[in-house]
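Note that UniProt numbering numbers the sequence shown so that position 136 is 136, with each residue one more than the last.
Ideal placement from N, C-alpha and C gives every residue a C-beta, glycine not left out.
Fair warning: this is a prediction, and the values are worked out from it, not measured in the lab.
Taking it in order: structure first as structure tokens, then the write-up.
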Amino acid sequence: MGTGLFTLCPITTPGTELFSIATPLTAVLDSARLADTCAGCYDSRRPIDDGSGELKACTRCRVVRYCGRNCQLKDWRFAHSLECSIFGKLHPRILPNNVRAVLRIVLRYKHKKCTADEFQAFLKLSHAQSDQQRGKREDIRLAARAVKEYSGVADMDEGLIASLFTRLDVNTFNLVTYDYTPIGLYLDPYSSLMNHSCAYNAIVVFDGDRMTVKSTRPMRLDEQVFVSYIDTTYCVSTRRRQLRQRYGFECECVKCTEEARSGGLLEELVAAEAAGEQLVATASQQVQDDNARIQKYTTGLNTIRQKMPSSSHSHLTKQPLVALRNELIVSLINAARYDDAWIQCAIEYLKIDPVLYPHRGHPLRRIHAWRLAKLTASTDQAHLARRFSVDPAVVLWHVLQWLVDGESEACSAPLLQAQIRAMYAEVSQMGPNMRMEWPAVEERLEDALQSELAMGVDG
């Protein structure tokens, strides 16, 4: 939470890069991703140097892994040379991600791996305690004591280190992959100056450890750059609760103010969203079998739909049904039920995302479209054609054409853009015929979607 960043010139085109950060103050992987993600480039899909296909663990600490020597050297110079012996002594115990993040900050400052100005900029960031932090004071105190002991910074006050944890908690960004899979924490004190608005005008995109901020609409000279700290597709009451609990402030942005004035505090909607949050949490944490999760999400979609306010014009685009459908899609793919996942992705692409994300360059809208394209290309197309009475090849061409046409406004990582262009190159020669066939296919697809909705998870 910061004092604000402002444009230095008018921004005329959505998707314009406002600024980028090449090297953060600190960045760490979540503990669950240490085994499958390179700690140098933050990717799990790059070719491995020796051709084995396996990430190589640091031979000293055995905690972090790398896809090659270049990534290992890069991380060694950035911070790992300072923390490696600490990790090795603690192994097999793994420090929590926030402790590793603060430890990196303290060690980099102590050994002059970051500038004094950068460290002071971090200290100037807000560290107002949120509701969550107030319940974790003892945990923060113990973590600060541990960091002081591990780092050997005798001259740094334990209270100051504790304040680093509170600053970290309210100022970090989720480090995500090109397809928005969360993998860790990322903090840069200058980008953390951006304030929140549910009516945001910019989006954060990651390409490895490079953070880029892109516009979602035209902006005036000296207009404040706003990003969203949370998922803004929820109702105003849920958004305000999440921001209050996580960041310690009450949102009074234009979107919240207007929705509250127009009746956005519907008790039925709030109850439905709370039920959805609980369902997703329990299913992801307690249910291991994908088919069992599918059943749980399907039942939840139908049950929660009955709790939605009768005034809702479209259940499809309301939370928590949107989040539940996405979880359902992931579980269907994991269970190899690709045709079931395909029709749900088509519903998302044609019916949900255009309403939730009107900006065609929105990263989630493009990621969902890319997911549909990949499913269409990899699923038995004859089976899809028989079940849904559509030509999957035409659907594939249309989705890829839409993605390519919107590339200039895309708020997406370069890796995603490259993958889209590569697949499009394979089907682009079919363009003229596909373009003529699309209206008829779209009509049949609409019939298939309506039939699926009438029978299934969300009528």
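Judging by CA-CA distance, which residue of the options is the nearest neighbour of residue i?
i           : options                        : result
Val213      : Leu221, Val225, Asn302         : Val225
Glu83       : Ala101, Cys67, Asn70           : Ala101
Trp402      : Gln450, Ile367, Thr232         : Ile367
Leu321      : Ala335, Gly361, Ala271, Ala292 : Ala271
Glu277      : Arg104, Asp289, Arg325, Ala385 : Arg325
Thr7        : Ala121, Ser151, Leu221         : Leu221
Arg435      : Leu416, His398, Ser451         : His398
Arg246      : Leu384, Ser228, Ile352         : Ser228
Glu54       : Cys61, Asp139, Arg60, Cys67    : Cys67
Leu279      : Cys256, Ile304, Lys255         : Ile304
residue 464 : Ala199, Arg104, Ile230         : The structure shown does not extend to residue 464, since the chain is modelled only from 1 to 459, so the question has no answer here.
Ile86       : Val404, Glu149, Glu407, Asp139 : Glu149
Pro363      : Glu407, Cys256, Phe119         : Glu407
Expressed to the nearest angstrom, what Euclidean distance is found between the alpha-carbon atoms of residue i and residue j?
i      : j      : result
Val63  : Ala57  : 7 Å
Tyr349 : Arg365 : 8 Å
Val153 : Lys110 : 7 Å
Gln242 : Phe165 : 19 Å
Cys411 : Ala79  : 30 Å
Leu34  : Glu223 : 39 Å
Glu437 : Val394 : 7 Å
Ala323 : Leu396 : 24 Å
Pro10  : Arg217 : 11 Å
Ala382 : Asn98  : 49 Å
Asp354 : Gly361 : Here the sequence assigns Pro to residue 354, which means Asp is not the residue at that position. So the two alpha carbons sit approximately 11 Å from each other.
Gln295 : Gly184 : 30 Å
Ala39  : Asp179 : 18 Å
Leu449 : Asn433 : 24 Å
Pro358 : Glu158 : 47 Å
Arg137 : Leu168 : 14 Å
Ser293 : Ala281 : This sequence places Arg at residue 293; Ser is not what is there. About 11 Å.
Ala275 : Asp231 : 16 Å
Ser389 : Cys198 : 40 Å
Ser151 : Phe173 : 24 Å
Glu452 : Phe122 : 51 Å
Arg141 : Val170 : 17 Å
Lys112 : Met219 : 38 Å
Met423 : Val404 : 10 Å
Thr37  : Leu73  : 16 Å
Leu415 : Asp207 : 7 Å
Pro439 : Asp391 : 12 Å
Are the beta-carbon atoms of residue i and residue j separated by less than 9 Å?
i      : j      : result
Ser428 : Leu400 : yes
Leu25  : Cys114 : yes
Met194 : Gly4   : yes
Thr182 : Asp30  : Per the sequence shown, the amino acid found at residue 182 is Pro instead of Thr. Yes, the Cβ-Cβ distance between Pro182 and Asp30 is below 9 Å.
Met211 : Ile21  : yes
Glu327 : Tyr297 : yes
Val205 : Ala418 : no
Tyr42  : Ala27  : yes
Asp380 : Asp340 : no
Asp209 : Thr59  : no
Ser215 : Leu95  : no
Leu384 : Lys351 : no
Ser81  : Thr177 : no
Arg240 : Cys251 : yes
Pro189 : Glu118 : yes
Give me whichever residues DSSP pairs with residue i in a beta bridge.
i      : result
Phe249 : The partner list for Phe249 (beta bridge, DSSP) is empty, contrary to what the question assumes.
Thr115 : Thr115 is not bridged to any residue.
Pro182 : Val176
Glu277 : According to DSSP, Glu277 bridges with nothing at all.
Val204 : Val213
Does the segment 366-373 come close enough to the segment 337-347 to have 3 or more Cβ pairs within less than 8 Å?
Look at the beta carbons and you see the segment 366-373 touching the segment 337-347: at least three pairs across the two are nearer than 8 Å.
Between the segment 437-456 and the segment 226-235, do at least 3 Cβ pairs fall closer than 8 Å?
Two segments are said to touch when three or more pairs of C-beta atoms, one from each, lie closer than 8 Å; by this definition the segment 437-456 does not touch the segment 226-235.
Three or more C-beta pairs closer than 8 Å, one from the segment 85-100 and one from the segment 113-127: is that the case here?
Taking 8 Å as the limit for Cβ pairs, the verdict is that the segment 113-127 does not touch the segment 85-100.
Please determine if the segment 332-339 and the segment 145-159 are in contact, where contact requires at least 3 C-beta pairs separated by less than 8 Å.
Remark: fewer than three beta-carbon pairs, one from each stretch, lie closer than 8 Å, so the segment 332-339 and the segment 145-159 are not flagged as touching.
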